[in-house]
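In UniProt numbering, the protein residues as written are 1 to 303.
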């Protein structure tokens, strides 16, 4: 099991001239829309120990170039151009949020490498609008971010993401999001992770089944929100009921016996009792996967 956290490599933050594409592009068309960019990168790439700085330089050059320059690369690019927490209280709340993901049944792997949980971004502002930029431009990830002919950014990895932000840590409401290829969110839903229903949702969209998130949302909306108008704003974020994450896990978890917490996180309940509901000082590495491996928190680093 792993959590991944993002760090910006831009000294002054992501420059304002690096813009997300105005309209989404069909996933199948991203390679065609970014063909010139990939040709530009391959032509200019020199390798070595300054890869991260090179990526930032290439992004800046492409974003600020005049259109004639980018059109020149488009004309030369082959049609088949290949693709390529702070403080003890926050840590205690994060540990509880992680444990809320467990299905509390023997024999289930509760988390997989294919579906990671993202920690709060720097500043935690406008998370829906900035997530893809922070995920794949703050530390440039060339397998996800590509640049279109007009100098804007497009993204290839738009599958469901589970984001744990400050609000999650206080209310248990995790943020499931799917994005369009221009990095603007398509669908978002605040799901109560301190519930066995969330474990069922994870099984549906996670590594075992990998169903599209919108299918899960259709079920959620029909079951939990049967009276929604058909013409409702699809950008409206539905929300489950919040819980008080400062209470002990046994008092707020809904729909399951959480006695297995003693196996998943030895000492957690004792730490909660001592901290009046918050497991102050509990080491996140004390949370174990079903195979006994400790939790890993790693920086989000990709090519």
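All C-beta atoms in this analysis are idealised placements derived from N, C-alpha and C, irrespective of residue type, glycine included.
Note that the coordinates shown come from a computational prediction; the quantities given were computed from them, not determined experimentally.
For residue 259, count neighbouring Cβ atoms within 10 angstroms of its own Cβ and tell me buried if that reaches 16, exposed if not. exposed
Proximity winner among 25, 101 and 288, relative to residue 154 (alpha-carbon distances): 25
Nearest-angstrom Cα separation, counted from residue 171 out to residue 200: 19 angstroms
Rounded to the nearest angstrom, what separates residue 240 and residue 134 at their Cα positions? 26 angstroms
Pairwise C-alpha distance: residue 141 and residue 181: 15 angstroms
Using a Cβ-Cβ cutoff of less than 8 angstroms, which residues in the same chain neighbour residue 55 once the five nearest sequence positions on both sides are dropped? 140 and 142
Under the three-state DSSP convention, the category residue 12 falls into: coil
Run through the segment 34 to 58 for me and flag every whole alpha helix (DSSP H) of 4 or more residues, listed as ranges in chain order. 35 to 44
Among 148, 16, 178 and 189, nearest to residue 168 - alpha-carbon criterion: 189
Neighbourhood of residue 17 by C-beta, 7 angstroms cutoff - its chain only, sequence neighbours within 5 removed: 63 and 64
Reference residue 252, options 138, 272 and 235, closest by Cα: 272
Best match in 197, 226 and 98 for proximity to residue 163 [C-alpha to C-alpha]: 98
Hey, would you say residue 248 sits closer than 7 angstroms to residue 277, going by beta carbons? yes
Report the partner residues of residue 194 according to the DSSP bridge assignment. Looking at the DSSP assignment, residue 194 forms no beta bridge with any residue, so it has no partner.
In terms of residues, what are the limits of the alpha helix (DSSP H) holding residue 288? Looking at the DSSP string, residue 288 is not in any alpha helix (DSSP H), and its letter there is neither H nor E.
If you reduce the DSSP assignment to three classes, tell me which class residue 152 lands in. coil
For residue 170, does the three-state DSSP call read helix, strand or coil? helix
Under 8 angstroms by Cβ, that's how I've got residue 185 and residue 128 pegged, so tell me the actual separation to the nearest angstrom. 5 angstroms
Alpha helix (DSSP H) segments (min. 4 residues) lying fully within the segment 213 to 279: 213 to 224, 249 to 252, 261 to 264 and 268 to 274
Burial state of residue 28, where buried means 16 or more other Cβ atoms lie within 10 Å: exposed
Exposed or buried, what is residue 124 when buried is set at 16 or more other beta-carbons lying within 10 Å of its beta-carbon? Unreliable positioning characterises residue 124 in this predicted model, as indicated by a pLDDT of 48, which lies under 50. The coordinate reading is nonetheless provided below. Answer is exposed; the Cβ neighbour count stays below 16.
Which partner residues does residue 161 have in the DSSP bridge list? 177
Check whether residue 59 and residue 156 have beta carbons under 7 angstroms apart: no
Would a C-beta distance cut-off of 7 angstroms place residue 95 and residue 284 closer than the cut-off? yes
Would you kindly work out how many angstroms separate the C-alpha atoms of residue 69 and residue 281, rounded to a whole number? 55 angstroms
Round the Cβ separation of residue 194 and residue 100 to the nearest angstrom and send it over; I've been treating them as touching at under 8 angstroms. 4 angstroms
Please report how far the alpha carbon of residue 15 lies from the alpha carbon of residue 179, in whole angstroms. 22 angstroms
Per DSSP, what kind of secondary structure is residue 186 in: helix, strand or coil? strand
CA-CA distance, residue 78 and residue 136? 25 angstroms
Under the rule that 16 or more other beta-carbon atoms within 10 Å means buried, what is residue 161, buried or exposed? buried
May I ask you to list the residues that DSSP assigns as paired with residue 20? 153
Looking only at its chain, what residues have a beta carbon closer than 6 angstroms to the beta carbon of residue 93, apart from the 5 residues adjacent to it on each side? 169 and 245
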